[in-house]
Amino acid sequence: MPVNKGAQQEQQLGLWEKSFLRDQSWHKDELRIVAFWTVAAFSLVLGSFFGLVGLQGLPCLIAFFAGSVGVPSIYWTSFLGVDEQDFGGKMEILGDSIGSGAAIFMLSWIGLFTAIHSKTTTSSDSGL
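Sequential numbering of the sequence shown, starting at 0, is according to numbering that gives the first Met the number 0.
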């Protein structure tokens with residue numbers, strides 16, 4: 000029985016390679032893994048940017064949560080050509096990605112902000 004060449008190529012592609020190609024067939028678990036790493040990368044980049052620039056407050060958190068839902072959604076609908084309703088909706092695909100993405104965002108944001116923008120006090124500065 001002949002094997003479909005497209006199916007054979009799909010079996011040989013790894014998840015990393017597949018995430019950069021359009022019009023591939025996706026399983027729910029594969030898409031959730033790609034969504035997880037997309038949110039993780041976005042969180043690290045955005046948190047590092049906010050920490051380096053020195054931004055603070057609620058607008059940064061709002062930007063993170065809006066972006067952590069919007070960026071992966073745009074990626075898989077526009078680039079990958081996936082209909083999110085086939086997989087149970089946007090939040091079903093994102094699943095646990097938002098929580099770990101929030102942790103990555105907060106650690107990178109607070110860590111870089113503290114390292115770059117905090118004033119260090121020495122014994123001569125503190126009046127002792």
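For every residue, glycine included, the Cβ atom is placed at its ideal position computed from N, Cα and C.
Query raised in the report: What whole-angstrom Cβ distance do residue 71 and residue 113 have, given they're in contact under 8 Å?
Result: In the sequence shown, residue 71 corresponds to position 72, counting from 1. In the sequence shown, residue 113 corresponds to position 114, counting from 1. Contact flag wrong, Cβ pair sits at about 28 Å.
Requested in this report: Assign residue 26 to one of three DSSP states: helix, strand, or coil.
Outcome: Counting from one through the sequence shown, the residue named residue 26 turns up at place 27. Of the three classes helix, strand and coil, the one that applies to residue 26 here is coil, per DSSP.
Requested in this report: Would you mind giving the Cβ-Cβ distance between residue 35 and residue 67, rounded to the nearest angstrom? I have them listed as a contact below 8 Å.
Outcome: As a position in the sequence shown, residue 35 is number 36, starting the count at 1. As a position in the sequence shown, residue 67 is number 68, starting the count at 1. No, residue 35 and residue 67 are not in contact; Cβ-Cβ is about 11 Å, not under 8 Å.
Query raised in the report: Leaving out the 5 sequence neighbours to the left and right, which residues in its chain are closer than 6 Å to residue 103 when beta-carbon positions are compared?
Result: In the sequence shown, counting from the first residue as 1, residue 103 sits at position 104. Excluding residues within five positions, the ones whose Cβ falls inside 6 Å are 39, 42, 43.
**Report entry** Endpoints, alpha helix (DSSP H) assigned at residue 77
**Finding:** Numbered from its first residue, the sequence shown carries residue 77 at position 78. Per DSSP, residue 77 belongs to no alpha helix (DSSP H) and is neither H nor E.
Query raised in the report: Taking C-alpha atoms, which residue in 116, 81, 91, 61 lies nearest to residue 101?
Result: Locating residue 101 in the sequence shown gives position 102, where the first residue counts as 1. That would be 61, whose Cα lies nearest to the Cα of residue 101.
Query - Simplified DSSP assignment, three categories, for residue 17 - result: Your numbering for residue 17 matches position 18 in the sequence shown. Three-state result, residue 17: helix.
**Report entry** Endpoints, the alpha helix (DSSP H) within which residue 104 is located
**Finding:** In the sequence shown, the residue the question calls residue 104 occupies position 105. Segment 96 to 116, the alpha helix (DSSP H) holding residue 104.
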